[in-house]
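Visitor: Chains as they are written, first to last, in the working numbering: chain A, 183 to 498; chain B, 16 to 1013; chain C, 343 to 592. Pasting a structure below so you can have a look.
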Amino acid sequence: MHPAKSVIYFTTASGAGYGLMVWLAVMGAFGFIPADRTFGIVGFGLAFFLIISGLLSSTGHLGRPERAWRALSQWRSSWLSREGVAAILTFGPTGIYALSWVVQGQNGGPVGMIGLAGGGMSLITVYFTSMIYASLKAIPAWSNRWTSLGYLSMALMSGALIMLALQAGFGLGHMAVMIKASVALLALAGVLKLAYWRALQSDPARSTAESATGLGQFGNVHMIESPHGEDNYLLKEMGYKIARKHANKLRRIALVTGFILPMAMVAAIMVLGLPYVVVLSFLALISAGVGLVVERWLFFAEAKHVVTLYYGNRNV
Amino acid sequence: MNANPFATVKEDVDLSPEVADEVKNTTCYMCACRCGIRVHLKNGKVRYIEGNPDHPVNQGVLCGKGSAGIMQQYSPAKLKKPLLRVGERGSGEFKEIEWDEALELATKWLGDVRARDPGKLAFFTGRDQSQSFTGWWATQYGAHNFAAHGGFCSVNMAAGGLYTLGGAFWEFGEPDWDLTKYFMLFGVAEDHDSNPIKIGLGKMKTRGEAKFVAVNPSRNGYNAIADEWVGVRPGTDGLFVFAIIHELLRAEKIDFASLARYSNAPWLVIDEPGKPDHGLFLRDAKGNPLVWDLTRKKAINAMGPDADAAPAFAGARTVKKRNVVPSFQHLATRYLSDEFSPDAVADTIGVPADTIRRIAAEIAHVAFEEEVVIEQPWTDAWGRKHDKMIGRPVSFHAMRGISAHSNGFHTCRALHILQALLGSVDVPGGWRYKAPFPKPIPPGVRPAGPVANPGEPLAGPPLGFIKSPNDLLVDEAGAPLRIDKAYSWEHPLSLHGMMHMVLHNAANADPYKVDVLFMYMANMAWNSSMNVPGTLDYFTAKDDDGDYKIPKIIYSDAFWSETVPYCDLILPDTTYLERWDCISMLDRPISSAHGAGDSIRQPILKPEGDVRPFQDVLIDLGHRLGLPGMIREDGSATYPGGYVDYMANHERGAGSGIGPLAGWRGKDGTEHGRGAPNPDQIGRYIENGCFWTQNLADEQLYFKPFNRSYLDHAKAMGWIGHADPIVFQLYNEDLQKFRLAAQGHGDKQPPEEHRERIETYFDPLPIWYMPFEEAEVDREQYPLHALSQRPMHMYHSWGSQNAWLRQITSANKLHMHVDTAASFGIDDDDWVWIESRHGRVKGQVKLITGVNPQTVWTWNAIGKRKGAWNLSEDAPEANKGFLLNHIISEVLAPGKNGQRYSNSDPVTGQAAWFDLRVNVTKCAAHEAGFTEPMFEALPREPHAAPNPPVSRYGADLKGTPTGKKADAKAWVGNRHENATNIAGLADGKGNHTKGDAS
Amino acid sequence: MTSLPQNPSKVKLGLVIDLDICVGCHACAVNCKEWNTSGKMAPLTDMDPYGAKPDGVWFNRVHTYEAVDEAAGTSRTVHFPRSCLHCDDAPCVTVCPTGASYKREEDGIVLINTDICIGCKLCSWACPYGAREYDEDEGVMKKCTLCVDKIYNENLPPESRVPACVSTCPTGARSFGDLGDPNSDVSKLVAARDGYALMPEQGTRPVNRYLPPRPKKVGDEMAPRLLDHHDDSADGAGLLARWVDKVLSA
Ligand SMILES: Nc1nc2c(c(=O)[nH]1)N[C@H]1C(S)=C(S)[C@@H](COP(=O)(O)OP(=O)(O)OC[C@H]3O[C@@H](n4cnc5c(=O)[nH]c(N)nc54)[C@H](O)[C@@H]3O)O[C@H]1N2
Ligand SMILES: Nc1nc2c(c(=O)[nH]1)N[C@H]1C(S)=C(S)[C@@H](COP(=O)(O)OP(=O)(O)OC[C@H]3O[C@@H](n4cnc5c(=O)[nH]c(N)nc54)[C@H](O)[C@@H]3O)O[C@H]1N2
Ligand code: SF4
Ligand code: SF4
Ligand code: SF4
Ligand code: SF4
Ligand code: SF4
Ligand SMILES: [Mo]
């Protein structure tokens, strides 16, 4: 699949934003961090910025962005619609929670409960986002359980890293919680990603050039004449090809910068102690950010669409 | 707009939009197949073009090209105004001029030549569908240097057929699709009968009773759906056919009864080597050929009613003191020879001997064990009544795969002879003629030579049929009289002229210079010439005085083609939707085996620019030049109404009653075929959908060459001059006359340098020889055959300007067998040099398995010159597409005395496009990605608007709702044929005709 | 109402394509474009129509494949038109967030309401068959309409009320009708010829059917045996001698 910048940004940024939202809620609700106003402004500001800019960026992918509002109507069947609705609904509790924190300086008690509800809805939104991809049978690389697990774990992980960096920057709250959570989530997300890649390699092809054409009874099917001389929409959108070698290299980069390095840096905080927390948590965040973008790019670029079976691919 | 973002908007689809303001019928010209179309017009633009269901050619279907007519009409490459060259030839620098100036200039140029020596005009009309008109114009002008495109197209097919059966494949005959049980297709990718062939194949295959065998080095298109694909090596079909004939003879699976009646197989041939009439038929005092009657033991008139009772087919005898043998003896001796056994030819053809034997057995089985019988009495030419029509349901069709080789004439004859041996010519289930064929063998018209005095018309039409050396157009010394050397000793039977040699010959003053070259509808600076780089030089070559060797070139095109920039005066034509045309019985009509037909085009759109229909322009020029037939005594124009006036009112020979259109003749429009001009004729055509057809009576449908009722009808219609039976000429005496001349007999003998060639190739029975280029080159250096094929969705060069069609194919690749590629170290998509003895061209390969391993092929005429057709300079057509034409030489290697013959069939002058031999090598890395040779980019047409970045055609033609609803109509492809196979299926007699059960 | 029709009618209009006789001529593709460029989803925009990368909207595209059986050493060439299959479980419909993509209750035709489509392209990702065509210029998705504005169109003569690709197909390889009715002619055709659906494993339940190429007749069904030679003399001399006095035409 064509790795469109807008969609890569949308999924990574809004994922991180929602992840941050979850951690703001959890940390606040459970009293791990005081309702500091400046922290609140920066934290929620960042979370909303990531979420909103992500959502806006996703409309950049639309042919008719001015009609984007229409995407809300089909929540009964469409995951994209559900995601849109969920995103809007999530603004309710998260907005109230943010206002309470920033304006009233409250983040625990009943407000904390609202915050947790907002966090929960954030996760649901991320899940819906993931289901947009996971529901597409025509793209076997996405339509499996790893997709949602990956989106959720990476949202939480990137959110955690931001939370940690913010806390470090402000020197606020229980950092140990975030440090442990970050390490655990980095490990979890990294393992899930590895598992996903393994599954990609080992899952048998769902469809083949033979099943796509129904001509398998006559032998192996090869396209010898394309219906059009130049690339059409299908090929530009779904025909994206990435060389195995290239992909493997990028996978290693994603794994190292996205998971291993940040994990090492955050773990190093535990060893080296808090004086290094600011530097290391920021470095971890930057590294993870780079890694996640590469990971997301690969998520698209490596995914093969069954329509390519009509254009010379042998199996998908 | 629905404001509630959560509500589902339900679309109210307009099921019955108004489609058109007006629907007009006319005839398609996106190719030469002549299908009937209905053009839906809206807001003065074309909304939709569909096939006319009532039309006999396409029966409602429309091919891809025809469906893309809209984009032709709105092509940015359309010429808009007459152009006069101001820069050097090829520079593309023109100034726009008014029609008056253009016509005055043309009149002056043409008038000067006509006053001095009309032979110095070369008038060649390319893809002309109005040759009977342009030929007539040439006749009146006195231009014996006239021809159209047939010489580079398929004259081998025409000549091979007309000199054997009096009819030909091409679009002049068709298999009996409904009854045939064994159909063999030789070397066809698309053909001029493209929709009829597709309709026929679809029905035949759906009927499911016939076997379809495709003989072709490539397995694309029609060949892909064949039951059996015989992937012969190019140029070897003759041997394949001989081997089949060999098998049939050995097994005596020959329809002797049919041969006795309808062919010259039993005719007695003088067998006295060295005598001036050796090899000619022995004739009685009245000139009748003779046969030996075995019961009466004497020679009798071969044309007599009882000649077929017991004729001898073999044996040397002495009749009238002459040694004679039946011509069949020659035929049998030749093809029974072991050199034509399947085992002997298998390797050369590239087909296992067992396959050849099996196919021969299948043919024999179907022909002789599976006869089809139609309970329909008929009477033969001798007055004998037959109570039914019995057919041998084996049929053949062949086209350029056979004809575009230098041995094609003989191969084509071989195929026709096979048909005759099987008794499957014009019989139920066999191959059938379309009116006005069959014609006498050969037809009676002879080509006219140069006029004696300037200003006179020619004595007859410039093109015709040669029966003996006496008919050749050569001077005392035997040198050619025509600029293209047609009808000369070099290519005696070049019935269609040799347009592919005109530029070469004129630029080299060989045989002489011309003053004006006048061309119409032929892209000679590109895809219709061999050796394109050389041809461009011929266009621009100058003599020592700095004048162009071809002093003046007038050209009519409708588009900014590769050729326009090389000409001096451009007469811009309209598109096919903007003019009158006439698809005449005198030309290439729309007849089918069921009956005759002709058709017209009517203008349905106003010409966009300041362009004029070329036919109108010719009429106008004829009047200005004062050509006979085009000017009245009072100096006024004979056809003031232009071409449509001519269509309705012209008669071939005053008072003959025969004119361009056969339908609704006579004052009241009740006569057909012959009759006085009818002022209302065109109106009747339009009323009838722009065509006329007349079905033959049931008793006339088969056995036409010797069917009394048919022959009388054909004579009455003016298709043939007399109603004598047409006897198949298996052994061709006319050819033997040339051979005799070469052997030193008669007063017209070939000059020394041509003797051997004439003697070799004018064999009265088909021979096979290795195609010239293959024989001349080092076959190890050039190990592969290189072919081109027509893509079904493109018409030569003129498809690429079409915004829709070019999306399908914007660049061509070289198709190569995977195994061959492996042995050449070539991978899929590699860029390669394709090198012939003449030059090299670069392209990209596509590996496949459905091709003869010793053959590579590519799509024809996709490659374009940069800048031509107003395509942008980075268009794939110009940067990746390539032409094989660049590396095909128009002449053969020099002979013993330096003589260089045209790269053509030695008998007919048919261009030997498919003889090309090449080597293919992977190019260097830095050479990959673009084609070569790359010619300098042509400028855009003067004043051409910039190409639109987006085309939204049709956005404004959407219908306005009517709100009505109707039932959807069920439609089953080939319903009639399916109904015979599938229980319970309604027989709708096919879906393609009007008024069937819905 | 989102999703697929809740109360679909039994009528399932669709196409049947006979791969045994399709010659790959592209007539269906071009005629489709021609009809539809002023049809319901007009225009079928072409980008860069005379330039380097011409690319337009087409509802029907014709591929050519070779099926190669390496073991048996056989192969065949098959031309293969591809357009919307009007799936019963059309994923392109259920993914659509706007309801622009929908399946008609009355006949099962899958359509796009281009007035409300937001061009999110998700439906094209969901369709396994590549039947969705994005109009870059307009920013909306388009696709085969089954010529809904032609098949019911009372402004057209009855014989024209069939999809453009069907009435134009020169070989008669395309059929159109109600595949929901087992007694319809198209259903009988499918039954008799073992028509099949593409990629059934994708769970889309296409309505359109393809008729497989028939087995090739290369065996001896046409001729029971090879021809007997009536004479095996060199160059057929014996035969010729035999024919000298024989009345062969009887
Ligand atoms: N390598 C190779 N070369 C071949 C062949 C091959 O098989 N292989 N085939 C050969 C054969 S058989 C043929 S017939 C030739 C065909 O070659 P051409 O006869 O050159 O045919 P086209 O390319 O169709 O174009 C003829 C010209 O007619 C112009 N034209 C189109 N419509 C109109 C119109 O309405 N009015 C006027 N006045 N002009 C119009 C076009 O713009 C174009 O310039 O190519 C030959 N060349
Ligand atoms: N769509 C479309 N239709 C056209 C045209 C067009 O340009 N486009 N052009 C029209 C014109 S001008 C013409 S002349 C006709 C030509 O119609 P065709 O004769 O069908 O034209 P070609 O494309 O030259 O196809 C020649 C076929 O012969 C095969 N072949 C080559 N050499 C041999 C051989 O030695 N033996 C055998 N058995 N086969 C061989 C090639 O593989 C190819 O399939 O088409 C007409 N119709
Ligand atoms: S075959 Fe196609 S292009 Fe040729 S006349 Fe018929 S519809 Fe037109
Ligand atoms: S029009 Fe018919 S024969 Fe031609 S490609 Fe389409 S389905 Fe095949
Ligand atoms: S073929 Fe594709 S676009 Fe058509 S209904 Fe099925 S899924 Fe939807
Ligand atoms: S592109 Fe249009 S039709 Fe397709 S899913 Fe999005 S809104 Fe629906
Ligand atoms: S049914 Fe109509 S819209 Fe669909 S492919 Fe055929 S012609 Fe095109
Ligand atoms: Mo031709």
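The C-beta atom is built at its ideal place from N, Cα and C for all residues, glycine as well.
Give a yes or no on whether 8 Å exceeds the smallest Cβ distance from B/Cys78 to chain C.
Guide: Stepping through the second sequence from its first residue, residue 78 of chain B is reached at position 63. Yes - at least one Cβ of chain C is within 8 Å of the one on B/Cys78.
Visitor: Does the distance between the C-beta of C/Thr487 and the nearest non-hydrogen atom of ligand 7 fall short of 7 Å?
Guide: Here residue 487 of chain C refers to the residue found at position 145 when the third sequence is read from its first residue. The answer is yes for C/Thr487.
Visitor: Quick one: using the 10 Å Cβ neighbour count with 16 as the cut-off for buried, is B/Arg311 buried or exposed?
Guide: Numbered from its first residue, the second sequence carries residue 311 of chain B at position 296. Result: exposed.
Visitor: Going by CA-CA distance only, name the one from A/Pro386, A/Leu262, A/Ile442 that's closest to A/Ser364.
Guide: On the first sequence, position 182 is the one that residue 364 of chain A refers to. Per the Cα distances, A/Ile442.
Visitor: What are the residues of the segment 506-537 of chain C that lie near chain B, defined by any Cβ-Cβ distance shorter than 9 Å?
Guide: For the segment 506-537 of chain C, which is checked against every Cβ of chain B, the residues closer than 9 Å are Ala506, Val508, Ser509, Thr510, Cys511, Pro512, Thr513, Gly514, Ala515, Arg516, Ser517, Phe518, Gly519, Asp520, Asn525, Ser526, Asp527, Val528, Lys530, Leu531, Ala533, Ala534, Arg535.
Visitor: Locate the alpha helix (DSSP H) running through A/Leu370, then write down its first and last residues.
Guide: Walking along the first sequence from the start, residue 370 of chain A turns up at place 188. That run of the alpha helix (DSSP H) goes 357-384.
Visitor: What residue ranges within the segment 429-472 of chain B form continuous beta strand (DSSP E) runs of no fewer than 3 residues, ordered along the chain?
Guide: Runs of the beta strand (DSSP E) inside the segment 429-472 of chain B: 446-448.
Visitor: Runs of 3 residues minimum, wholly inside the segment 42-93 of chain B: which ones carry the beta strand (DSSP E) assignment?
Guide: Qualifying beta strand (DSSP E) stretches, in chain order: 51-57, 60-66.
Visitor: Identify the contact partners of C/Asn373 in chain B, using a Cβ-Cβ distance below 7 Å as the criterion.
Guide: One-based indexing of the third sequence puts residue 373 of chain C at position 31. Neighbours of C/Asn373 on chain B, chain order: Leu77, Ser82.
Visitor: Answer yes or no: do A/Met203 and A/Thr276 have a C-beta to C-beta separation smaller than 8 Å?
Guide: Here the question's residue 203 of chain A lines up with position 21 in the first sequence. Here the question's residue 276 of chain A lines up with position 94 in the first sequence. Yes, Cβ-Cβ distance for A/Met203 and A/Thr276 is below 8 Å.
Visitor: Could you check if B/Glu390 is buried or exposed, using at least 16 other CB atoms within 10 Å of its CB as the buried criterion?
Guide: Counting from 1 along the second sequence, the entry for residue 390 of chain B is found at position 375. Under this definition B/Glu390 is an exposed residue.
Visitor: Do three or more CB pairs link the segment 68-76 of chain B to the segment 928-939 of chain B at distances below 8 Å?
Guide: The segment 68-76 of chain B vs the segment 928-939 of chain B: no contact.
Visitor: Consider the C-beta atom of C/Ile359 and the heavy atoms of ligand 4; say whether any pair is separated by less than 7 Å.
Guide: Translated into the one-based positions of the third sequence, residue 359 of chain C becomes position 17. Yes, the Cβ of C/Ile359 comes within 7 Å of a heavy atom of ligand 4.
Visitor: Assign A/Ala347 to one of three DSSP states: helix, strand, or coil.
Guide: For the purposes of this step, residue 347 of chain A is taken as residue 165 along the first sequence, with counting starting at 1. In the structure shown, A/Ala347 sits in a helix (DSSP, three-state: H, G or I).
Visitor: Are any of the Cβ atoms in chain C nearer than 8 Å to that of B/Glu26?
Guide: Along the second sequence, read from residue 1 onward, the residue named residue 26 of chain B stands at position 11. B/Glu26 counts as touching chain C.
Visitor: Please work out which residues of its chain come closer than 7 Å, Cβ to Cβ, to B/Ile374, disregarding the five sequence neighbours upstream and downstream, and give them in chain order.
Guide: Along the second sequence, read from residue 1 onward, the residue named residue 374 of chain B stands at position 359. Taken in chain order, the residues that qualify are Val228, Ile259.
Visitor: Check whether the Cβ atoms of B/Ser599 and B/Glu189 lie closer than 8 Å to each other.
Guide: Locating residue 599 of chain B in the second sequence gives position 584, where the first residue counts as 1. Locating residue 189 of chain B in the second sequence gives position 174, where the first residue counts as 1. Going by C-beta atoms, B/Ser599 is not nearer than 8 Å to B/Glu189.
Visitor: Please determine, among A/Gln399, A/Pro444, A/Leu382, A/Lys418, the residue with the shortest C-alpha to C-alpha distance to A/Leu367.
Guide: Within the first sequence, numbered from 1, the residue matching residue 367 of chain A stands at position 185. Closest option to A/Leu367, Cα to Cα, is A/Pro444.
Visitor: Need the endpoints of the beta strand (DSSP E) that C/Thr487 sits in, please.
Guide: The residue you call residue 487 of chain C lines up with position 145 of the third sequence. Unbroken run through C/Thr487: none, as it is neither H nor E.
Visitor: Provide the residue(s) that pair with A/Thr395 in DSSP beta bridges, ordered along the chain.
Guide: Here residue 395 of chain A is taken as the residue at index 213 of the first sequence, counted from 1. Looking at the DSSP assignment, A/Thr395 forms no beta bridge with any residue, so it has no partner.
Visitor: Can you tell me which of the three DSSP states C/Pro423 falls into?
Guide: By 1-based counting over the third sequence, the position of residue 423 of chain C is 81. If DSSP states are grouped into helix, strand and coil, C/Pro423 belongs with the strands.
Visitor: Does the structure place the segment 966-986 of chain B close enough to the segment 385-402 of chain C that three or more beta carbon pairs sit under 8 Å?
Guide: Yes, they touch.
Visitor: Suppose contacts are defined by Cβ-Cβ distances below 8 Å. Is B/Pro477 in contact with B/Ala463 by that definition?
Guide: Against the second sequence, residue 477 of chain B aligns to sequence position 462. Against the second sequence, residue 463 of chain B aligns to sequence position 448. It is a contact, given that the beta carbons lie within the stated cut-off.
Visitor: Quick one: which residues of the segment 804-830 of chain B get their C-beta closer than 7 Å to a C-beta of chain A? List them in chain order.
Guide: From the segment 804-830 of chain B, only Gln822, Ile823, Thr824, Ser825, Ala826 have a Cβ closer than 7 Å to chain A.
Visitor: So is the beta-carbon of B/Cys43 under 7 Å away from any non-hydrogen atom of ligand 6?
Guide: One-based indexing of the second sequence puts residue 43 of chain B at position 28. No.
Visitor: Measure the C-alpha to C-alpha separation of B/Asp29 and B/Trp575 and round it to an integer number of angstroms.
Guide: Start at 1 with the first residue of the second sequence, and residue 29 of chain B comes out as number 14. Start at 1 with the first residue of the second sequence, and residue 575 of chain B comes out as number 560. Computed Cα separation, rounded: 41 Å.
Visitor: Considering only the beta carbon of each residue, do A/Glu419 and A/His243 sit closer than 8 Å?
Guide: Your numbering for residue 419 of chain A matches position 237 in the first sequence. Your numbering for residue 243 of chain A matches position 61 in the first sequence. Going by C-beta atoms, A/Glu419 is not nearer than 8 Å to A/His243.
Visitor: Compute every distance between the C-beta of C/Thr513 and the non-hydrogen atoms of ligand 4, then say whether any falls below 7 Å.
Guide: To locate residue 513 of chain C, count along the third sequence from 1; it is residue 171. Answer for C/Thr513: yes, Cβ within range of ligand 4.
Visitor: Could you give the first and the last residue of the continuous beta strand (DSSP E) run that contains C/His405?
Guide: Indexing the third sequence from 1 puts residue 405 of chain C at position 63. From DSSP, the beta strand (DSSP E) with C/His405 extends over 402-411.
Visitor: Let me know the alpha helix (DSSP H) ranges lying completely inside the segment 155-221 of chain B, each 4 residues or longer, listed in chain order.
Guide: Fully enclosed alpha helix (DSSP H) runs of 4 or longer: 170-177.
Visitor: By Cβ distance, which residues of its chain are closer than 8 Å to B/Val11, with the 5 residues on each side in sequence left out?
Guide: Since the first residue of chain B shown is 16 and the last is 1013, residue 11 of chain B is not available in this structure.
Visitor: Which residue wins for smallest C-alpha separation from A/Leu334, given the options A/Phe226, A/Ser282, A/Ala229, A/Ser304?
Guide: Here the question's residue 334 of chain A lines up with position 152 in the first sequence. It is A/Ser304.
Visitor: Does B/Glu390 come out as helix, strand or coil in the three-state DSSP assignment?
Guide: In the second sequence, the residue the question calls residue 390 of chain B occupies position 375. In the structure shown, B/Glu390 sits in coil (DSSP, three-state: anything other than H, G, I, E or B).
Visitor: I want to check one thing, is the minimum distance from the CB of C/Ala473 to the heavy atoms of ligand 4 below 7 Å?
Guide: Mapped onto the third sequence, residue 473 of chain C falls at position 131. No, the Cβ of C/Ala473 stays beyond 7 Å of every heavy atom of ligand 4.
Visitor: Following a CB-centred definition, is C/Ile460 positioned closer than 7 Å to any heavy atom of ligand 6?
Guide: On the third sequence, residue 460 of chain C is found 118 positions in, with the first residue counted as 1. Yes, since a heavy atom of ligand 6 falls inside the 7 Å radius drawn around the Cβ of C/Ile460.
Visitor: Determine the direct distance from the alpha carbon of B/Val340 to that of C/Asp587, and round the result to whole angstroms.
Guide: Along the third sequence, one-based indexing puts residue 587 of chain C at 245. Along the second sequence, one-based indexing puts residue 340 of chain B at 325. Answer to the nearest angstrom: the Cα atoms are 12 Å apart.
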